[in-house]
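What follows is a set of notes on a single structure, which appears directly below.
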Amino acid sequence: MSDWRRESLAAFAARIGAFAADSVPHDFAVNPAVAEKVAAETGRFLPFFGNTTAYLLPASAQEYVARLADTLHARHGEHLAAPLPPALAHVTLHDLRASSQLAAVAADVFRDGPALGVAVAAARALGPVRCRLTYVFNLVNTSVVVGLQAVDEAAHRRLLAARDCVSHLVPHPHFTPHLTLAYYRSGPVAPEFPPALAATLRELSLKVRDYEVELLPELLHGLHFSSMATYWPVC
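Counting from 1 along the sequence shown, just add 1104 to a position and that's the residue number in the numbering used here.
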């Protein structure tokens, strides 16, 4: 059994807080992996293919997240990819396949279909999970995200159980539930960007603290994607 299945809510909060509270390194450089997803010159999203499981958001939460993203783009847009569609804002439950080359994942994505449908149905049956936002932070130099954690231990166990329904398809060792607000553009950054970004993230973290959102079973889907801005439900 991997650690994320055993992790208590208190341990989860401590683990996330240890890196999310001060997440922009002084020697910040955009993760090279971003070059597969975002065009450096324009910020346009590039073809990137795969499948995942995620909770889409209720309309009120979509609007709230969109306002956070608008603040980021207004202040740091030259370093960010194109804005993400608000209607596709989501909390990933468990990622599956991903590649810039469709041929590399197409067969696996197709084969995942029946088992994915069963797994998503099992996760939905566990019911809603009420969460609160915690930190807005830099996620491994690829994107700016806002973290979530369950409001109590019972909700936390339910969220972990939902993930356990799908995690056997493509096992991953870590679980950091989050909403992506913006991706970076690849390439060099201006020297003033890291401290300015850090200040914005501190400000937004104070703003979002304790905002609550309910992850609803009817909005949990298996999704296919063809870029980081193009997702559609398949189950």
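Virtual Cβ for every residue (Gly too), placed ideally from N, Cα, C.
Note that the structure is a prediction, hence the values are computed from the model and not measured.
Only counting the same chain, and skipping five residues up and downstream in sequence, which positions put a Cβ closer than 8 Å to that of P1190?
Q1166, E1167, V1169, A1170, A1173
Could you tell me which whole alpha helix (DSSP H) segments of length 4 or greater appear in the region 1194-1247?
1206-1228
Determine the burial state of F1214: buried for a count of at least 16 other Cβ atoms within 10 Å of its Cβ, exposed for fewer.
exposed
Ignore the nearest five residues each way along the sequence and tell me which others in E1296's own chain have a CB closer than 6 Å to its CB.
If the five residues before and after E1296 are omitted, its C-beta is found closer than 6 Å to no C-beta atom of its own chain.
Go to F1123, then tell me how far its alpha helix (DSSP H) extends in each direction, as first and last residue.
Taken as a continuous stretch (DSSP letters only), the alpha helix (DSSP H) holding F1123 covers 1113-1124.
Considering just the uninterrupted stretch of the beta strand (DSSP E) at E1322, what are its terminal residues?
Element bounds for E1322: n/a, residue is neither H nor E.
DSSP state of L1176 mapped onto helix, strand, coil:
helix
Cα-Cα separation between G1147 and L1283, rounded to whole angstroms
19 Å
Check for me: the alpha helix (DSSP H) holding L1301 runs from which residue to which?
1297-1312
By DSSP, does A1191 sit in helix, in strand, or in coil?
helix
Counting beta carbon pairs with one atom in the region 1255-1268 and one in the region 1178-1192, are three or more of them shorter than 8 Å?
Touching, no, given that fewer than three Cβ pairs across the two stretches are closer than 8 Å.
Rounded C-alpha distance that separates F1152 from V1224
23 Å
Residue from H1183, N1155, S1127 with nearest C-alpha to A1294
If we check each option's Cα against that of A1294, H1183 comes out closest.
C-alpha distance - D1212 paired with V1248, whole-angstrom precision:
Rounded to the nearest angstrom, the two C-alpha atoms are 29 Å apart.
May I ask you to verify whether the region 1126-1145 touches the region 1269-1286, counting CB pairs closer than 8 Å and requiring at least 3?
no
Confirm, please, whether the CB-CB distance from Y1288 to V1138 is below 8 Å.
Contact annotation: V1138 and Y1288 have beta-carbon atoms nearer than 8 Å.
Simplified DSSP assignment, three categories, for P1337
strand
Helix, strand or coil at V1255 according to DSSP, with G and I counted as helix
Residue state, collapsed to three classes: coil.
Local Cβ density within 10 Å of R1201, reported as buried at 16 or more and exposed below that:
buried
Is the region 1257-1273 touching the region 1225-1232 in the sense that three or more CB pairs, one from each, lie closer than 8 Å?
yes
Going by DSSP, what residue range makes up the beta strand (DSSP E) through L1160?
1153-1160
Counting only the same chain and skipping the five closest in sequence on each side, list residues whose C-beta sits under 6 Å from that of Y1315.
Short of 6 Å from the beta carbon of Y1315, and not among the five residues preceding or following it, lie these beta carbons of its own chain, in chain order: L1237.
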